[in-house]
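Residues in the sequence shown are numbered consecutively from 3, following this note's numbering.
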Amino acid sequence: MVMGTSSSAGKSLITTALCRSFARRGLRVAPFKSQNMSNNASVCADGGEIGRSQALQAIAAGVQPTTDMNPILLKPEGDTRSQVVVNGKPTPPLEAQAYFRERKKLWPVATAALDRLRSQYDLVVIEGAGSPAELNLADVEMVNMSVARYCQAPVLLVGDIERGGVFAQLLGTLWLLPPEDRRLIRGLLVNKFRGDLSLFDRGVEILQERGGVPVLGVLPWVAGLNLPEEDAVALSDPLRFAQSPAENAIDVAVIHLPHIANFDDFDPLVAEPSVALRYVRSLDQLGSPEVVILPGTKNTLGDLQWLKDQGLADRLSQLAEEGVEVVGICGGYQILGQSIDNPERLESGVPHAAGLGLLSASTRYHASKQTLQTTFQVTGDEIAPGTAGLTISGYEIHVGQTSTRSPWLSRSDDDLSSVPSAVERSPLDGAHARKGKVWGCYLHGLFHNDDFRNRWLVKLGVDEGALSGPGTEHQLQQDLNRLADHFEASIDIDALQGIIHQASSE
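Here you go:
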């Protein structure tokens with residue numbers, strides 16, 4: 003099990019590296035995180051939702067993502083309120099205090115999922131959350147030491163040296179844990195080291211002397227990996243966009259909505275040297291881009307009002323009038339339409355709101371949530387020349403249905419029957435206006451479709467010879483192997499294998 007001394011210590015990437023590393027050694031590996039909190043979700047083959055990190059970890063392990071890998075997913079709708087997804091299916095939102103009172107019901111859900119994985123795979127790599135030393139949550143948490151105790155998993159504790167204070171992080175965490183939990187910590191990892199590793203040799207000795215736990219490795223900072231992030235805080239990291247865009251790169255502004263979701267939709271654009279992608283939160287930051295994208299959101303009506311309050315709604319309308327490309331994905335697509343009706347007060351207490359009116363589309367919310375992997379065919383060349391007839395795939399996660407007068411996607415027949423739905427799915431999706439300069443759809447993962455993305459970028463003025471080349475799937479597999487190589491070169495892999503074998507024989 004991988005735990006960290008804090009959020010963003012590197013647990014998710016190290017878990018991903020472990021999954022790929024041991025899968026390459028011939029083991030059947032599965033990731034597991036009992037409870038995750040994120041609005042970046044992925045959809046499994048059965049239509050169930052899990053956290054994006056667990057889906058990536060499953061890909062790293064070479065197995066299909068399943069809801070057992072993340073049986074409880076919290077999707078924040080506000081500061082203290084989250085939708086609770088249990089075994090892939092949405093349940094009513096809960097305030098934080100009410101959620102903790104549900105622990106007795108949810109804990110068996112988590113342990114049953116873990117037990118199923120343990121019976122099906124050679125190795126389960128478990129990821130914790132935050133820190134195991136959150137003393138105020140010790141009696142109610144079900145994602146850190148409670149899980150380790152349940153299955154007696156050996157724990158790797160990760161400290162983030164980039165933040166400073168790594169001795170206090172690691173030693174303080176060890177000293178705060180009760181003896182029965184401390185004995186499960188079998189190795190320490192120092193993550194995100196920059197510079198000469200030999201300068202930390204004495205640091206390793208100090209940690210081992212004072213902590214009584216071996217340091218299995220010091221992992222240098224690794225740059226240039228284009229792997230999906232799960233937390234929106236990553237969008238504030240300048241290193242995420244550290245590569246220099248090409249001269250005359252297309253200026254793409256993604257509106258950083260307060261409840262932004264599934265922003266990994268735009269990772270393929272970030273990877274394009276011909277695109278300068280930036281996230282903007284204000285009118286001043288927006289400026290005069292060549293493309294504006296409204297992303298998905300967990301609170302569409304709230305974020306629509308935020309756009310109006312910030313003056314961004316009026317500016318987007320002005321940019322559309324000027325011929326700027328304006329794109330909406332999922333919640334962003336709903337916002338670009340004429341109206342949103344919310345008779346059941348879902349996500350928000352607002353019953354009705356006028357959209358930006360840039361698309362001839364209107365949305366009506368209903369309680370049945372649409373979650374499925376999906377395949378469409380592009381019906382014409384309205385969005386970009388040469389796209390007619392292309393087959394594109396991705397996934398949908400949304401409430402509501404949108405009526406449109408200008409669809410540009412036709413759903414495959416399999417999608418209409420593959421995953422049961424309480425609401426009849428429309429065979430058509432998407433809308434476009436202004437000769438394809440304003441458009442949107444529900445499809446997450448749209449820009450991961452290489453042919454579509456490349457033809458759209460050429461339409462925007464990118465030279466075909468400047469496109470990045472290898473497809474996104476090929477690049478993802480390369481990055482996962484590079485991550486695992488980096489991990490294996492930085493830790494005592496023999497000692498780690500010994501810890502795993504010892505635990506499995508106890």
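For each residue, glycine too, the CB sits at the ideal point set by N, CA and C.
All values derive from a computational prediction rather than experimental measurement.
Give the DSSP-derived three-state secondary structure of residue i in the structure shown.
i    : result
G359 : coil
R317 : helix
K300 : coil
I385 : coil
P33  : strand
H503 : helix
Y281 : strand
T17  : helix
R22  : helix
C153 : helix
W410 : coil
K439 : coil
S370 : strand
E327 : strand
P94  : strand
S121 : helix
S9   : coil
A263 : strand
R242 : With a pLDDT of 47 at R242, under the threshold of 50, the modelled position of that residue is not reliable, and the figure given next carries that caveat. Of the three classes helix, strand and coil, the one that applies to R242 here is helix, per DSSP.
P230 : coil
Y444 : coil
S470 : coil
D1   : In the structure displayed, the chain extends from 3 to 508; residue 1 sits before or after that span and is not available.
M71  : helix
R164 : For the sequence presented, residue 164 should be read as Glu rather than Arg. Helix at E164.
S148 : helix
For the putative contact between residue i and residue j, defined by C-beta atoms under 8 angstroms, what is the C-beta separation to the nearest angstrom?
i    : j    : result
N483 : R27  : Incorrect: roughly 13 angstroms between the Cβ atoms, too far for contact.
S362 : R317 : Actually they are not in contact, since the Cβ atoms of S362 and R317 sit about 21 angstroms apart, beyond 8 angstroms.
N301 : A43  : Not a contact, Cβ separation roughly 14 angstroms.
T376 : A390 : Not quite, the Cβ-Cβ distance comes to about 19 angstroms (not below 8 angstroms), so this is no contact.
P73  : Q85  : That belief does not hold up - the Cβ atoms of P73 and Q85 are roughly 15 angstroms apart, past 8 angstroms.
Y367 : V401 : 5 angstroms
P337 : L314 : It should be pointed out that residue 337 corresponds to Ile in this sequence rather than to Pro. About 11 angstroms; that fails the 8 angstroms criterion.
G334 : L296 : 3 angstroms
S412 : F449 : With 8 angstroms as the limit, S412 and F449 do not qualify as a contact, their Cβ atoms being about 19 angstroms apart.
R204 : L173 : Their Cβ separation, rounded to whole angstroms, is 15 angstroms, which puts R204 and L173 out of contact at 8 angstroms.
D305 : P260 : 6 angstroms
G167 : L374 : Actually they are not in contact, since the Cβ atoms of G167 and L374 sit about 45 angstroms apart, beyond 8 angstroms.
L76  : M39  : 4 angstroms
Going by other Cβ atoms of all chains shown within 10 Å of its Cβ, with 16 needed for buried, is residue i buried or exposed?
i    : result
D81  : exposed
E97  : exposed
A114 : exposed
R455 : buried
S284 : exposed
W441 : buried
A356 : exposed
I540 : This structure does not reach residue 540, given that the chain is present from 3 up to 508, and the question cannot be answered.
H476 : exposed
A100 : exposed
T365 : buried
P110 : exposed
Over what stretch of residues does the beta strand (DSSP E) that includes residue i continue unbroken?
i    : result
G132 : Looking at the DSSP string, G132 is not in any beta strand (DSSP E), and its letter there is neither H nor E.
G391 : No beta strand (DSSP E) contains G391, which DSSP labels as neither H nor E.
H434 : 433 to 435
D453 : Careful: D453 lies outside any beta strand (DSSP E), inside the alpha helix (DSSP H) at 452 to 461.
D183 : Looking at the DSSP string, D183 is not in any beta strand (DSSP E); the run it does join, the alpha helix (DSSP H), is 181 to 184.
S276 : Note, S276: premise wrong, no beta strand (DSSP E); not H, not E.
L221 : 217 to 222
Q66  : Segment: none, Q66 is in no beta strand (DSSP E) and carries neither H nor E.
I52  : 51 to 53
F195 : 187 to 195
S84  : 83 to 88
I257 : 252 to 257
L510 : Residue 510 is absent from the model: the chain starts at 3 and stops at 508.
D198 : Unbroken run through D198: none, as it is neither H nor E.
S290 : Here S290 belongs to no beta strand (DSSP E), and DSSP marks it neither H nor E.
So residue i is in the alpha helix (DSSP H); what residue range does that whole segment cover?
i    : result
Q480 : 474 to 492
T175 : 168 to 178
I208 : 203 to 213
P270 : 269 to 272
Q336 : 333 to 338
Using only the heavy atoms of the ligand FAD, determine whether one of them is closer than 7 angstroms to the beta carbon of residue i.
i    : result
G214 : Questions concerning the ligand FAD fall outside what the structure shown contains, since it holds no ligand whatsoever.
The stretch 158 to 166 in contact with the stretch 60 to 77 per 3-pair CB rule at 8 angstroms: no
Touch test, the stretch 4 to 20 against the stretch 467 to 476, Cβ-Cβ under 8 angstroms, three pairs minimum: no
Stretch-stretch touch, CB-based, cutoff 8 angstroms, three pairs: the stretch 382 to 391 with the stretch 457 to 469: yes
Touching by the beta-carbon criterion (3+ pairs, under 8 angstroms), the stretch 277 to 292 and the stretch 485 to 494: no
Three CB pairs or more closer than 8 angstroms across the stretch 222 to 229 and the stretch 251 to 263: no
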